[in-house]
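Enquirer: Its first residue numbered 820, the sequence shown is counted upward by one per residue in the working numbering.
Ideal placement from N, C-alpha and C gives every residue a C-beta, glycine not left out.
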Amino acid sequence: MLKKIDRAKLFLQQEATRFRCPLCHETMATSESGVVCGNGHRFDVSKKGTIHFLTKPIASDYDQHLFEARGRMIESGMYLSLVELMAQKIDPSCVLDIGCGEGSFLAQLTQQANIKVGVGFDIAKEGVYLATNQATDSFWCTADLTNLPFADHSFTTLLNIFSPSNYQEFDRVLQPGGQLIKVVPGPLYLNELRKAFYPDDEKKQHYSNERVVEKFEQAFEQVEKHHLTYVFDIPTARQFDILEMSPLEWGASEERKKALQHAPLTKVTIDLEILIGKKSK
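(1) Report back the beta-carbon spacing between T874 and P841 to the nearest angstrom; my notes put them in contact at under 8 Å.
(2) Tell me the DSSP secondary structure of D1019 in three-state form.
(3) In the DSSP assignment, find the unbroken alpha helix (DSSP H) run with F1035 in it and report its ends.
(4) Classify T1055: buried if its beta carbon has 16 or more other beta carbons within 10 angstroms, exposed otherwise.
(5) Just mark T975 as buried or exposed, buried being the case when its beta carbon has 16 or more other beta carbons within 10 Å.
(6) Measuring only the C-alpha atoms, how far is N966 from A1078?
(7) Pull the bridge partners of N966 from the DSSP assignment, please.
(8) Below 8 Å between beta carbons: does that hold for E988 and V1087?
(9) My understanding is that N979 touches I917, with C-beta atoms under 8 Å, so please give their C-beta distance in whole angstroms.
(10) Measuring straight from C-alpha to C-alpha, what distance separates A943 and Y881?
(11) Under 7 Å: does the beta carbon of L1067 sit that close to some heavy atom of the ligand COA?
(12) For R1013 versus L928, is the C-beta distance shorter than 8 Å?
(13) Alpha carbon to alpha carbon, how far is F862 from F872? Give it in angstroms, no decimals.
(14) Thinking C-beta only, is K867 closer than 8 Å to Y948?
(15) Terminal residues of the continuous beta strand (DSSP E) containing K1086?
(16) So if DSSP puts K1001 in a beta bridge, which residue, or which two residues, is it bridged to?
(17) Are G937 and V902 touching if we call contact CB-CB under 8 Å?
(18) Under a Cβ-count criterion, where at least 16 other Cβ atoms within 10 Å of its own Cβ denotes burial, should I877 be classed as buried or exposed?
(19) Roughly how many whole angstroms lie between the Cα atoms of A906 and S923?
(20) Leaving out five residues on either side along the sequence, give the residues of the same chain with a beta carbon under 6 Å from the beta carbon of D910.
(21) With burial defined as no fewer than 16 other Cβ atoms inside 10 Å of the residue's Cβ, what is the status of Y1008: buried or exposed?
(22) Can you give the Cα-Cα distance for A848 and F958, rounded to whole angstroms?
(23) Got a sec? Which residues, its chain only, sit under 6 Å from A970 by beta carbon, not counting five neighbours each side?
(24) At the level of alpha carbons, what is the spacing between K1100 and S973?
(25) Touching or not, the stretch 1048–1063 and the stretch 885–903, by the rule of three or more beta carbon pairs under 8 Å?
(26) Between Y1049 and the rest of its own chain, which residues show a CB-CB distance below 7 Å, the 5 nearest in sequence each way excluded?
(27) Report the option in V1002, Y898, D1019 whose CA atom is closest to the CA atom of G1096.
(28) Just to confirm, are A926 and T955 a CB contact at a threshold of 8 Å?
(29) Report the three-state DSSP secondary structure of L842 (helix, strand or coil).
(30) CA-CA distance, L831 and Q994?
Put into structure tokens, the structure is as follows:
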């Protein structure tokens, strides 16, 4: 079995032309240690098999603990219906997972949809490092959403799951006829958790995705929508993970967190909007 660093170098040997330099936007080619552009800007593969494409520090509040909890929840089947739907819609030729975190969604989709070339990136290196443990040949890197280190028209499908968007960059890296699959929470998403964390704050108990959906519809002429709603039975072993897998926890009082640890949730509502935008050919 190849080491992570060797597996990443092998990927780059085959797919280097899908990348572009985030500093000067020149085409990349493989080097002995990673990739290099025509102007000599080098980006080396780390021992964990990742490349750091960020040209400036970008703060992230997401840490390893959150990504690990999120990964265990996804592995437990919390989003299985979502993965199955995306697997039916995806073009598996070359897929980019935007804001991949610990890589769980791309890994599950690779198994279900037989993704041929997969790339995932996030600004949080803690998530990207964990993603290298996934049982997939996908390539993982840290990158900036506003300055993607990928060549024009280099992906057939973009995944944007619970992550911010930059439609100008998405349009640039998406092939003509390609698609963006964006997943956003519906108004009832994790409703039980919101109420448990913030019992006296009605504003935090509710979420609206109207502005997000509106921006998506402005970015694409062809839009397909799907709505998924179901109640997920939280496995006993994962009842603490549900409390720690999302930013919802950050504003909750220590008193509420302790109360939920003593009387954990057993069910949670999954309410999702899946938006699929097609790029003109």
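Expert: So, to answer that:
(1) Here the question's residue 874 lines up with position 55 in the sequence shown. Here the question's residue 841 lines up with position 22 in the sequence shown. Indeed they touch by this definition, with Cβ atoms about 5 Å apart.
(2) Looking up residue 1019 in the sequence shown gives position 200. If DSSP states are grouped into helix, strand and coil, D1019 belongs with coil.
(3) The count along the sequence shown starts at 1 and reaches residue 1035 at position 216. 1029–1038 is the span of the alpha helix (DSSP H), which, as asked, contains F1035.
(4) Locating residue 1055 in the sequence shown gives position 236, counting from the first residue. Exposed: under 16 other Cβ atoms inside 10 Å.
(5) If you number the sequence shown from 1, residue 975 lands on position 156. Burial call: buried.
(6) The residue given as residue 966 occupies position 147 in the sequence shown. The residue given as residue 1078 occupies position 259 in the sequence shown. Those two C-alpha atoms are separated by around 43 Å.
(7) Position 147 of the sequence shown, counted from the first residue, corresponds to residue 966. N966 is bridged to D963.
(8) Here residue 988 is taken as the residue at index 169 of the sequence shown, counted from 1. Here residue 1087 is taken as the residue at index 268 of the sequence shown, counted from 1. Against a cut-off of 8 Å, the Cβ pair of V1087 and E988 comes out as no contact.
(9) Position 160 of the sequence shown, counting from 1, holds the residue named residue 979. Position 98 of the sequence shown, counting from 1, holds the residue named residue 917. Right, their Cβ atoms sit about 5 Å apart.
(10) Mapped onto the sequence shown, residue 943 falls at position 124. Mapped onto the sequence shown, residue 881 falls at position 62. Distance between the alpha carbons of A943 and Y881 is about 7 Å.
(11) Looking for the ligand COA in the displayed structure turns up nothing, as the structure carries no ligands at all.
(12) For the purposes of this step, residue 1013 is taken as residue 194 along the sequence shown, with counting starting at 1. For the purposes of this step, residue 928 is taken as residue 109 along the sequence shown, with counting starting at 1. No. Outside cutoff.
(13) Here the question's residue 872 lines up with position 53 in the sequence shown. Here the question's residue 862 lines up with position 43 in the sequence shown. Cα to Cα, the separation comes out at about 7 Å.
(14) What you label residue 948 is simply residue 129 of the sequence shown in a count that begins at 1. What you label residue 867 is simply residue 48 of the sequence shown in a count that begins at 1. Yes. Within cutoff.
(15) The residue given as residue 1086 occupies position 267 in the sequence shown. It spans 1086–1097 - the beta strand (DSSP E) in which K1086 sits, taken as one unbroken run.
(16) Translated into the one-based positions of the sequence shown, residue 1001 becomes position 182. In the DSSP output, where bridge partners are listed per residue, K1001 has N979, L1094.
(17) Taking the first residue of the sequence shown as position 1, residue 937 is located at position 118. Taking the first residue of the sequence shown as position 1, residue 902 is located at position 83. No, they are not a contact pair.
(18) Here residue 877 refers to the residue found at position 58 of the sequence shown. So I877 ends up on the exposed side.
(19) Within the sequence shown, numbered from 1, the residue matching residue 906 stands at position 87. Within the sequence shown, numbered from 1, the residue matching residue 923 stands at position 104. For A906 and S923, the distance between alpha carbons rounds to 14 Å.
(20) As a first step, residue 910 is located in the sequence shown; it is residue number 91 there, counting from the start. Excluding residues within five positions, the ones whose Cβ falls inside 6 Å are T975, T976.
(21) Your numbering for residue 1008 matches position 189 in the sequence shown. Looking at its Cβ environment, which holds 16 or more other Cβ atoms inside 10 Å, Y1008 is buried.
(22) For this step, residue 848 is matched to residue 29 along the sequence shown. For this step, residue 958 is matched to residue 139 along the sequence shown. Distance between the alpha carbons of A848 and F958: 16 Å.
(23) Here residue 970 corresponds to residue number 151 of the sequence shown, with the count starting at 1. Excluding positions up to five away in sequence, the list reads R837, R839.
(24) Here residue 1100 corresponds to residue number 281 of the sequence shown, with the count starting at 1. Here residue 973 corresponds to residue number 154 of the sequence shown, with the count starting at 1. Approximately 14 Å, taken between the alpha carbons.
(25) yes
(26) By one-based count along the sequence shown, residue 1049 stands at place 230. Excluding sequence neighbours, Y1049 sits near S900, I1089.
(27) Mapped onto the sequence shown, residue 1096 falls at position 277. Of the candidates V1002, Y898, D1019, the one whose C-alpha sits nearest the C-alpha of G1096 is V1002.
(28) Counting from 1 along the sequence shown, the entry for residue 926 is found at position 107. Counting from 1 along the sequence shown, the entry for residue 955 is found at position 136. Contact flag set, yes.
(29) Translated into the one-based positions of the sequence shown, residue 842 becomes position 23. Correct three-state label for L842: coil.
(30) As a position in the sequence shown, residue 831 is number 12, starting the count at 1. As a position in the sequence shown, residue 994 is number 175, starting the count at 1. Using only the alpha carbons, I get a separation of about 20 Å.
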